[in-house]
Structure formats: C-alpha cells, structure tokens
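Taken in sequence, the protein lines are chains A and B. For the first sequence, the residue numbers in my numbering are 210 to 472. For the second sequence, the residue numbers in my numbering are 210 to 472.
2 protein chains.
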Amino acid sequence: MTSIPPDPALEECEPPTGGKLSRERMLACALEIIDREGIEKLSMRRLARALGHDPMSLYRYAPNKAALLDGVAETVLAELTVDPTDPDWAAQLRAVARQYRRIALTHPNVVPLLVTRPLATPLALRPLGTLRPLEATLALLTRAGFNGADALHIYRALFGLLHGHLLNELQELVDNPQENDDLLRLGLHRLPIGEFPLLRGLASTLAAYDGAAELESGLDILLTGLTTTLTPIPSKSRTRKGRNVTSAAAENTPPGGLKQRSS
Amino acid sequence: MTSIPPDPALEECEPPTGGKLSRERMLACALEIIDREGIEKLSMRRLARALGHDPMSLYRYAPNKAALLDGVAETVLAELTVDPTDPDWAAQLRAVARQYRRIALTHPNVVPLLVTRPLATPLALRPLGTLRPLEATLALLTRAGFNGADALHIYRALFGLLHGHLLNELQELVDNPQENDDLLRLGLHRLPIGEFPLLRGLASTLAAYDGAAELESGLDILLTGLTTTLTPIPSKSRTRKGRNVTSAAAENTPPGGLKQRSS
DNA sequence: AGACTGATATCTACAGCGTAGGTCTACGAA
DNA sequence: TTCGTAGACCTACGCTGTAGATATCAGTCT
Chain A
210 MTSIPPDPAL EECEPPTGGK LSRERMLACA LEIIDREGIE KLSMRRLARA LGHDPMSLYR
270 YAPNKAALLD GVAETVLAEL TVDPTDPDWA AQLRAVARQY RRIALTHPNV VPLLVTRPLA
330 TPLALRPLGT LRPLEATLAL LTRAGFNGAD ALHIYRALFG LLHGHLLNEL QELVDNPQEN
390 DDLLRLGLHR LPIGEFPLLR GLASTLAAYD GAAELESGLD ILLTGLTTTL TPIPSKSRTR
450 KGRNVTSAAA ENTPPGGLKQ RSS
Chain B
210 MTSIPPDPAL EECEPPTGGK LSRERMLACA LEIIDREGIE KLSMRRLARA LGHDPMSLYR
270 YAPNKAALLD GVAETVLAEL TVDPTDPDWA AQLRAVARQY RRIALTHPNV VPLLVTRPLA
330 TPLALRPLGT LRPLEATLAL LTRAGFNGAD ALHIYRALFG LLHGHLLNEL QELVDNPQEN
390 DDLLRLGLHR LPIGEFPLLR GLASTLAAYD GAAELESGLD ILLTGLTTTL TPIPSKSRTR
450 KGRNVTSAAA ENTPPGGLKQ RSS
C-alpha cells in the first residue's frame with residue numbers, strides 16, 4: 210500500500226510517516242525540509258523519500274514542482290491574519306507588518322519564494338491563500354473610508370516596504386554568523402584595501418543591525434507619509450484632501466534633479 | 210580547438226560565436242538567454258551550446274553555476290552609476306533610484322537574481338561589482354555630512370524601497386498582458402465570486418498602474434521622512450537634530466497597537 | 001457475489017542537469 | 001628540444017522533473 214519505508218537513515222518529517230498522504234502533509238514536510246536545508250535541497254524525490262512514498266505520488270497533490278513551491282508559500286502566508294474590522298487602520302497595518310516579519314524570520318528560506326513567486330504568475334491565477342491578505346487589507350481600508358484606488362496604493366506601499374525590509378534584514382543575518390564580531394570584521398577585511406574604505410570602516414555598525422527597530426522606523430515614515438498624502442472620506446461628506454498621489458509627487462520633485470523619462 | 214559549431218538550428222549569442230571564449234562573452238550570452246527566456250532556461254549546457262563550446266569550458270571562467278549567476282547580476286548592476294560628488298545628495302539618490310528602475314525594467318528576468326542572490330552570500334564575499342554602488346553611496350552621504358551609521362541607514366532604506374517597489378511593479382507587468390483590458394478583468398473574473406469582491410472591483414485600477422509615478426511618490430515619502438529624522442552635520446558645528454532613528458520610532462508607536470516583541 | 005468505477009499509489013523510462021576527473025592540443029619560455 | 005601551462009574537450013556519475021502505463025484499493029450498483 211504505502212510502502213517504501215521512510216528511509217530511517219535519512220531524517221523524515223512526521224512520526225512514522227508511512228500513513229496516508231495528503232496535500233497538507235506534503236506541504237508541511239516540504240516546508241520542514243526548506244526550513245532545515247533551503248529551497249534548492251528540496252526535490253520531488255527527496256520529499257517523497259522523507260514522506261515514505263513514491264515520488265510520483267506527489268503529483269496527485271500538486272501538478273508540478275512550481276505549484277508545490279507555490280503551495281509552500283501559500284501555507285506560510287496563511288499564518289498571516291489581517292483583521293479588517295480594526296477601527297484603527299494604521300495600527301492594524303503595523304500589526305500586520307510585525308506579524309509578517311515574524312513569519313519571515315521563522316522561515317527565512319521561504320522568503321525568496323514569497324517575494325519572487327508572484328512574479329511568475331498573473332494575480333488572478335495565484336493561489337487563493339496568497340490573495341486573502343490583499344482582500345482583507347482592502348476591506349480594512351475601505352471601512353476606514355479610503356476608496357479602492359487609494360486602498361490598493363496603501364497595500365502596495367506596505368508590502369513593498371515589507372519585502373524590501375525583509376530582504377535587507379535577511380541579508381544582515383547572513384552577514385552576521387553568531388561568531389565573535391571581530392571575525393565579522395575579518396570578513397570585511399579581505400576587501401581590496403584602497404577601494405572600500407567607508408564600507409570597511411562600518412564593520413561594527415553592520416554588526417549592530419536591529420531589524421525590528423529598522424522596520425518600525427520604516428513604518429513610521431510610511432504611515433506619516435501616507436496620512437499626509439491620502440485621507441479617507443470622512444463618512445458623512447465626500448470631500449477629499451490630498452487626492453492624487455501622482456500629482457502630489459510631481460509637485461515637490463527636487464529642483465536640481467537630473468531629468469529622466471517616466472516610462 | 211574552439212570547435213562544436215554554434216548549433217545553427219538553435220539561436221546563438223554573438224555573430225559567429227566560434228571565437229575565443231572569455232568571461233565577458235560568457236556573461237553577456239548568459240544575460241541574453243535570461244533576458245529572452247528566463248533564468249530557469251539557463252543551463253550550463255544550454256549556454257555552452259549557444260556559445261559554440263563544450264559545457265566544461267565554462268568552468269574556466271566561473272567556478273560553478275551559482276557564481277555564474279552572481280556574475281550576471283554583477284554585470285547588470287555594473288550599469289548603475291552613483292556620483293559621489295553630487296552636492297545635492299537627495300537629488301543624486303533620486304537619480305540612482307530612477308536609473309536602477311530602468312535597468313531592472315530592461316532586464317526583468319534578472320531582478321529575482323538581484324534581490325535574492327545577496328541572501329546567499331555574506332557581504333564581504335559578494336562580487337565586488339555589487340558592493341561598488343554601496344561604497345559610492347556611502348561616499349556621497351559622507352560628503353553630505355552624514356555619519357557612517359546614518360549613511361548606511363539611508364542606503365538600506367533606499368534599496369529596500371527600490372527592491373520592494375520593483376517587485377511590485379514587475380508583478381503588475383505580469384498581470385497586464387498587452388491584451389485588451391477587458392480580458393484582464395476576465396482573469397480576475399475567475400476568482401470565487403463571494404470571496405474577493407473588493408479585489409474583483411479593482412480590475413481597471415489594477416490595469417492603470419503607473420510604476421514611475423509610484424516610485425516617485427515612494428521616494429517623496431522616503432526622502433522627506435529621512436530628512437526630518439536625520440540631518441547631516443553642518444560642516445562647522447557638530448550638533449545633531451533628530452539623532453537616533455530607533456528612539457524616534459519608539460516615540461510615536463500607536464497607542465492602541467497590539468503589542469509584539471521586538472526581536 | 002460480481003462487476004464496475006474512480007481514487008491512490010507505484011513502476012519504468014527519458015531527456016536533461018551540474019560537475020568531478022582525465023586527456024588532448026597549442027604556445028611561450030628555458 | 002623540453003617543459004609548463006592555459007584552454008578546450010570528452011566521458012561518466014548521480015541526480016533531476018515528470019510522461020505514461022500499471023497495479024491496488026474502497027465503494028457502489030447490479
């Protein structure tokens with residue numbers, strides 16, 4: 210039946226791992242492997258071995274490997290909860306951001322998936338689980354009085370900030386192995402001596418990176434920026450304050466800036 | 210010698226492509242394949258075929274495939290020029306951002322490489338070409354009077370914003386095939402009818418995405434945010450205004466916010 | 001009871017992958 | 001002439017994703 214013993218020499222995923230297969234078990238096991246060894250160590254055959262099944266069995270639960278990876282990303286993203294009923298939209302966005310950061314730090318190897326998989330699939334074809342935070346955020350902002358376009362704008366700004374920040378922060382994690390920070394400087398030490406004087410001088414600063422604080426300051430900037438450009442419709446009247454983001458942006462382009470085409 | 214005719218049935222990279230191999234030719238050809246067909250279509254064997262050489266010859270110019278990909282990313286990033294002598298640092302950062310965006314849109318398939326490869330390599334071991342914009346930006350900001358820590362902070366914020374924005378914008382590109390936008394809505398149309406009412410209603414807004422304007426507004430927010438939190442040392446006195454970013458962040462945490470640990 | 005049906009699991013096989021290790025050739029220096 | 005070295009090539013290994021056919025099961029209908 211479900212033969213192929215789980216290869217006790219190699220580690221496996223769940224208790225006896227001989228039992229019935231299911232999409233959930235498969236995705237959970239894939240996530241475990243990715244968390245432990247990274248994305249590129251995950252192969253269909255390896256996953257099947259860990260589950261104690263034949264590789265081809267996996268294709269009953271995912272049409273191909275790309276879909277499996279999408280499934281893993283979806284699983285991780287499902288941990289993100291957005292409460293569209295929160296009366297304080299800005300606070301809710303902060304909460305979402307902090308939650309997202311925690312999830313990403315728990316599964317750092319999945320982050321490349323989170324940020325790049327959407328590039329390969331049109332929005333409407335993406336796994337529904339990945340669209341749910343979007344819809345919930347739109348609901349939150351709509352309740353707060355924003356129109357659809359502005360809500361979408363805010364969503365994009367928030368997740369752009371988040372993705373950018375996480376890529377930064379995970380980079381720092383790679384840079385700082387848990388060794389003595391003198392050794393970190395040794396790493397920088399091998400840079401050509403004349404060419405990177407400033408970078409080399411910043412070894413201790415690099416080591417002192419504080420991701421949580423960095424994110425908070427980014428959120429501060431973003432949210433104050435947003436609230437001064439966009440304002441929700443005040444529920445009774447329908448007047449607006451700083452309507453169009455684009456025109457607002459055009460106004461204060463720096464005077465001496467080099468010109469560059471728009472599109 | 211340099212045999213193996215370039216396989217005229219398959220496309221190739223440069224004029225006759227039989228000539229001497231070199232790291233530059235190899236990387237240029239790899240970039241061309243990636244631009245045309247995407248990263249996952251690039252294999253050592255495929256690249257060698259396009260160059261009219263044996264696959265193993267490539268290993269003379271790159272120790273392995275990962276290094277080759279790093280090389281491609283480095284090549285692309287080399288197009289980015291930062292002028293550290295610009296007296297208007299904010300304007301120069303804007304110019305860099307716009308330039309980076311243009312480069313990314315010219316090579317959209319390389320963007321995943323640009324944003325994720327650094328996650329796999331400690332900073333000091335990265336290809337030097339990818340560190341050069343960092344050093345130059347630090348130089349720019351140091352001349353403008355910022356101390357090292359703040360300069361680094363600004364650099365991170367800028368490239369975080371850029372990466373986040375580009376991931377957003379390239380996502381929209383995937384969403385908007387150049388067909389009639391009614392068809393785009395057809396794409397959204399297949400979403401479960403009760404579950405995504407807001408998202409489905411935003412079809413036309415999604416289609417109207419303007420990446421350039423979006424980036425400008427992001428830069429506005431970022432730069433005004435930065436200039437109110439950080440100020441350069443005014444070249445004579447050494448007093449500072451809004452010293453610590455972290456503390457500034459801590460001050461205006463929203464009152465009703467859900468609490469969440471820092472690290 | 002027997003036959004049929006659909007889901008689940010397995011097996012076999014293929015074309016392609018990255019790359020270790022060895023060899024062949026050409027050329028400049030000794 | 002001999003040697004060393006750089007560049008290119010060849011072979012082979014173990015791995016990959018997955019198409020296609022086959023086996024095994026549970027349940028339902030006759």
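Cβ coordinates follow ideal geometry from the N, Cα and C atoms, glycine included.
Integer-rounded CB distance, given that residue j should sit under 8 Å from residue i
i       : j       : result
L323(B) : A358(B) : In fact, because the Cβ distance is near 25 Å, the residues do not count as touching under 8 Å.
L424(A) : H374(A) : 5 Å
G434(A) : T414(B) : Rounded, the Cβ-Cβ distance is 21 Å, inconsistent with contact.
L230(B) : H262(B) : 6 Å
L379(A) : L328(B) : 5 Å
Pairwise C-alpha distance: residue j and residue i
i       : j       : result
N356(B) : R303(B) : 20 Å
T440(B) : E404(A) : 27 Å
R341(B) : G420(B) : 26 Å
P321(A) : T325(B) : 6 Å
D244(B) : L260(B) : 16 Å
A360(B) : P296(B) : 15 Å
W298(B) : Y364(B) : 12 Å
Y268(B) : A416(B) : 44 Å
G427(B) : D279(A) : 29 Å
T339(A) : E233(B) : 40 Å
H362(A) : L332(A) : 16 Å
G354(A) : T438(A) : 14 Å
E288(A) : L277(B) : 36 Å
L337(B) : L400(B) : 46 Å
Y270(A) : L240(A) : 15 Å
T330(B) : N318(B) : 20 Å
Y309(A) : K250(A) : 25 Å
E344(A) : P406(B) : 8 Å
D429(A) : C238(B) : 44 Å
A422(B) : I402(B) : 32 Å
G396(B) : T436(A) : 32 Å
L382(A) : A275(B) : 20 Å
R449(A) : Y418(B) : Note on R449(A): pLDDT 42, under 50, position unreliable in the model; the coordinate value appears next. Cα to Cα, the separation comes out at about 21 Å.
G247(B) : C222(B) : 15 Å
P272(B) : M265(A) : 34 Å
A300(A) : A300(B) : 32 Å
Burial state of residue i (16 or more Cβ within 10 Å)
i       : result
L236(A) : buried
S252(B) : exposed
A257(A) : buried
H398(B) : exposed
R254(B) : exposed
T284(A) : buried
I242(B) : buried
G451(B) : With a pLDDT of only 41 at G451(B), under 50, the local geometry of the prediction cannot be trusted, and no value is derived from it.
R447(B) : Low local confidence applies: a pLDDT of 42 at R447(B) is under 50, so the model's placement there is unreliable, with the coordinate-based value given in what follows. With fewer than 16 Cβ atoms within 10 Å of its Cβ, R447(B) is classed as exposed.
N377(A) : buried
Limits of the alpha helix (DSSP H) - the one that residue i falls within
i       : result
K274(A) : 274-286
E241(B) : 232-246
G420(B) : 420-438
L323(B) : 320-325
M253(A) : 253-260
P342(A) : 337-352
V291(B) : No alpha helix (DSSP H) holds V291(B); DSSP gives it neither H nor E.
A406(B) : At residue 406(B) the sequence reads Pro, which differs from the Ala that was named. Unbroken alpha helix (DSSP H) run through P406(B): 406-410.
A304(A) : 298-315
Taking 8 Å as the cut-off, does the stretch 303-313 of chain A touch the stretch 367-383 of chain B (at least 3 CB pairs, one atom from each stretch)? no
For the stretch 286-301 of chain B against the stretch 408-423 of chain B, are there 3 or more C-beta pairs whose distance is under 8 Å? no
Between the stretch 342-354 of chain B and the stretch 313-331 of chain B, do three or more beta carbon pairs fall short of 8 Å? no
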